[in-house]
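**Q**
Shown next, in the form of structure tokens:
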């Protein structure tokens, strides 16, 4: 005789917060000790950092209520025992951190480009964005709009790129580098795997050369050597030269990442695509690349984050990105000695962008996993 | 090449490196003829049918499909592939596309068919293979037998004159083999020209007009099923049949 057994509740403390704690933090005595130790460190450290960065910190005024205009007025200089961070240096130089030396009366153009960047990028990132198709048209037009908006021309006053700086330079380099390197990397990766020996050799040579050279060398190359290769009379903008170097550098890495993804695509996918009559480009655009890129997402984001941080190297060739502006601020005698604040702020801005990128990649992986098993039969 | 041949292989030779896979292969297939190719593994049967739509390149001899000779000429290869559908052992569905998208892809991009029409066509093909209800799922959500039927529908959507089957049931669990074979039998009864590499001898007896037995890269014997199974000429064929039929 068979009886139907009713479902019972799970044993106590295997679900909910208690269950989670037990499974993840206190599953055995070694883990318990490590958990307690880490907890102790956090308890020591977090209140201190919160106090230093927020509660005891100066923003515009010091603890006497005076507006801070130089380092001697910072609470932590006046009272090293109790004073926290002196954010006044950031506050005073915020404009430089964001825009460099962009003329104040033209700065609306930068702000407008920042807003437009968000409008262009967000629909690109989320494919369930309402009216995405129409927004994407704007996304494609954005680089041209942004170029004229930031650089001038078409009736707008010209703002030379040597006045650009801070976050503006970081974003221009990061976004342009990533956006251009991606398609270039795809072409290089396909080229390297091409059956045509000339194409494959040229792509391989290019990739290996670029990968074998540090970015700094390429930046110098762009700054010093590139003008020598250009016809006489053509003077390439400094930022543009750096952009060329950054893009080439990034595209070589991107190519290798995408090639890794391409190698994971089973031969059968190519054969099936061929057998239903798709051409080489249709096969790649519709079948191979969508799968290969999906596999490479973590590495693509990884190299993109790498590039975003590598843009700080442009200081070597005289461009002032976010970190460059920070170092400039530290060299200012009125604010001497506030390195913690400046580096903390620069790090925080970089962290916001890179952390957003890595979260986005996680979101993408999770979303693409549903219902699709690449490589499963 | 005889008048009514739709596929003609003459003196075809192929090597993988030093290994001679196809040795002087001659095969004529008439319109609407159903050929079943069998033979031990490594005998070159898959390679032979893969040469017919140029997934493999032959090095000597001529292959003519529907009046078009397969050479390095890419245009010829493209026109042959439009005529010839192929079903693989591992299904090779596109995992990132839904069932419907798998089927509409080639009609939309190769034949430039409007999307709505291609979807209608896809649903017709899914009716033929008896799984219209799976249209919006991804391949990974289907059973092996269902996936293989989608693969057949995907090929059929290009309206090929010839269908090649490369061990279509070898990767399937036993209880799913029948559903795929049933679809193939329907197809054969509809008058499709078919070349099927398979070890399903029951299927071969039901639908084959002619059996082709290959061994070590050669076609050893060709015969109608009745003669092939009951009274083959070659000892090699007898040995092979005794091995796969008596277990």
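Residue numbers (the working numbering), protein chains in the order written: chain A, 759 to 1135; chain B, 8 to 254.
Idealized CB from N, CA, C, for every residue including glycine.
Bear in mind that the values here come from a model prediction, so they are computed numbers and not experimental data.
Can you grab the Cα-Cα spacing for the pair residue 875 of chain A / residue 768 of chain A, in whole Å?
**A** Translated into positions along the first chain, residue 875 of chain A becomes position 117. Translated into positions along the first chain, residue 768 of chain A becomes position 10. Cα-Cα distance, rounded: 50 Å.
**Q** Cβ atoms of residue 94 of chain B and residue 175 of chain B: under 8 Å apart, would you say?
**A** Here residue 175 of chain B is taken as the residue at index 168 of the second chain, counted from 1. Here residue 94 of chain B is taken as the residue at index 87 of the second chain, counted from 1. Yes, they are a contact pair.
**Q** List the residues of chain B whose Cβ lies closer than 8 Å to the Cβ of residue 891 of chain A, in chain order.
**A** Sequence index remark: in the first chain, residue 891 of chain A carries index 133 (1-based). Per Cβ cutoff of 8 Å: no residues; residue 891 of chain A is ~15 Å from chain B at best.
**Q** Can you pull the DSSP bridge partners for residue 169 of chain B?
**A** Your numbering for residue 169 of chain B matches position 162 in the second chain. Answer by DSSP bridge pairing, in chain order: B:91 and B:200.
**Q** Report the option in B:180, B:33, B:86 and B:158 whose CA atom is closest to the CA atom of residue 3 of chain B.
**A** Chain B is shown only over 8 to 254; residue 3 of chain B falls outside these bounds and no answer can be derived.
**Q** Do we get a CB-CB distance below 8 Å when we pair residue 101 of chain B with the residues of chain A?
**A** Looking up residue 101 of chain B in the second chain gives position 94. Yes, residue 101 of chain B counts as interfacial toward chain A.
**Q** Pick helix, strand or coil for residue 230 of chain B, following the three-state DSSP scheme.
**A** Numbered from its first residue, the second chain carries residue 230 of chain B at position 223. In the structure shown, residue 230 of chain B sits in a strand (DSSP, three-state: E or B).
**Q** For my contact list, residue 235 of chain B and residue 227 of chain B are in at a C-beta cut-off of 8 Å; report their separation, rounded to the angstrom.
**A** Looking up residue 235 of chain B in the second chain gives position 228. Looking up residue 227 of chain B in the second chain gives position 220. Actually they are not in contact, since the Cβ atoms of residue 235 of chain B and residue 227 of chain B sit about 11 Å apart, beyond 8 Å.
**Q** Closer than 7 Å by beta-carbon distance: list the chain A residues that pair up with residue 62 of chain B, in chain order.
**A** Looking up residue 62 of chain B in the second chain gives position 55. Here the neighbours are 1029, 1032 and 1033.
**Q** Which residue's Cα is closest to the Cα of residue 223 of chain B: B:21, B:12, B:114 and B:112?
**A** Position 216 of the second chain, counted from the first residue, corresponds to residue 223 of chain B. Checking every option, the nearest Cα to that of residue 223 of chain B belongs to B:21.
**Q** For residue 100 of chain B and residue 807 of chain A, what's the separation of their Cα atoms in angstroms?
**A** Here residue 100 of chain B refers to the residue found at position 93 of the second chain. Here residue 807 of chain A refers to the residue found at position 49 of the first chain. Near 54 Å, if we compare the C-alpha coordinates of residue 807 of chain A and residue 100 of chain B.
**Q** Alpha carbon to alpha carbon, how far is residue 1083 of chain A from residue 855 of chain A?
**A** Locating residue 1083 of chain A in the first chain gives position 325, where the first residue counts as 1. Locating residue 855 of chain A in the first chain gives position 97, where the first residue counts as 1. Their backbone Cα atoms lie some 6 Å apart in a straight line.
**Q** Give me the Cα-Cα distance between residue 81 of chain B and residue 1038 of chain A, rounded to the nearest whole angstrom.
**A** Here the question's residue 81 of chain B lines up with position 74 in the second chain. Here the question's residue 1038 of chain A lines up with position 280 in the first chain. Residue 81 of chain B and residue 1038 of chain A: Cα-Cα distance of roughly 11 Å.
**Q** Quick check: residue 190 of chain B and residue 136 of chain B, are their CB atoms within less than 8 Å of each other?
**A** What you label residue 190 of chain B is simply residue 183 of the second chain in a count that begins at 1. What you label residue 136 of chain B is simply residue 129 of the second chain in a count that begins at 1. For residue 190 of chain B and residue 136 of chain B, yes; Cβs fall inside 8 Å.
**Q** Quick one: using the 10 Å Cβ neighbour count with 16 as the cut-off for buried, is residue 188 of chain B buried or exposed?
**A** Residue numbering aside, residue 188 of chain B sits at position 181 when the second chain is read from its first letter. Per the 10 Å Cβ criterion, buried.
**Q** Can you name, in chain order, every residue of its own chain whose Cβ lies under 7 Å from the Cβ of residue 132 of chain B, other than the five neighbours on each side?
**A** Taking the second chain and counting its residues from 1, the one referred to as residue 132 of chain B is at position 125. The answer, listed in chain order, is 110, 160, 163 and 164.
**Q** Just grab the DSSP bridge partners of residue 45 of chain B for me.
**A** In the second chain, the residue the question calls residue 45 of chain B occupies position 38. Residue 45 of chain B is bridged to B:220.
**Q** Is residue 225 of chain B helix, strand or coil by DSSP?
**A** As a working mapping, residue 225 of chain B is identified with position 218 in the second chain. Residue state, collapsed to three classes: strand.
**Q** Which of the residues in the region 111 to 132 of chain B, read from start to end, lie with their CB under 7 Å from any CB of chain A?
**A** Answer in chain order: 112, 113, 116 and 117.
**Q** If you run the structure through DSSP and keep just helix, strand and coil, what is residue 207 of chain B?
**A** Residue mapping note: residue 207 of chain B aligns to position 200 of the second chain, counting from 1. Coil, per DSSP.
**Q** Since residue 92 of chain B contacts residue 171 of chain B with CB under 8 Å, what's their CB separation in whole angstroms?
**A** In the second chain, the residue the question calls residue 92 of chain B occupies position 85. In the second chain, the residue the question calls residue 171 of chain B occupies position 164. About 7 Å separates the two Cβ atoms, so the contact holds.
**Q** Taking the straight line between their C-alpha atoms, what separation do you get for residue 1092 of chain A and residue 928 of chain A?
**A** Position 334 of the first chain, counting from 1, holds the residue named residue 1092 of chain A. Position 170 of the first chain, counting from 1, holds the residue named residue 928 of chain A. Roughly 26 Å separates the two Cα atoms.
**Q** Please look up how many angstroms separate the CB atoms of residue 143 of chain B and residue 105 of chain B, rounded, as I've assumed it's under 8 Å.
**A** Working through the second chain from its first residue, we reach residue 143 of chain B at position 136. Working through the second chain from its first residue, we reach residue 105 of chain B at position 98. That belief holds up - the Cβ atoms of residue 143 of chain B and residue 105 of chain B are roughly 5 Å apart, short of 8 Å.
**Q** Would residue 211 of chain B and residue 232 of chain B be called neighbours here (beta carbons separated by less than 8 Å)?
**A** Here residue 211 of chain B refers to the residue found at position 204 when the second chain is read from its first residue. Here residue 232 of chain B refers to the residue found at position 225 when the second chain is read from its first residue. Yes, Cβ-Cβ distance for residue 211 of chain B and residue 232 of chain B is below 8 Å.
**Q** Once DSSP output is grouped into helix, strand and coil, what is the label at residue 50 of chain B?
**A** Counting from 1 along the second chain, the entry for residue 50 of chain B is found at position 43. Residue state, collapsed to three classes: coil.
**Q** Between the C-alpha atoms of residue 997 of chain A and residue 903 of chain A, what's the straight-line distance to the nearest angstrom?
**A** In the first chain, counting from the first residue as 1, residue 997 of chain A sits at position 239. In the first chain, counting from the first residue as 1, residue 903 of chain A sits at position 145. Cα to Cα, the separation comes out at about 18 Å.
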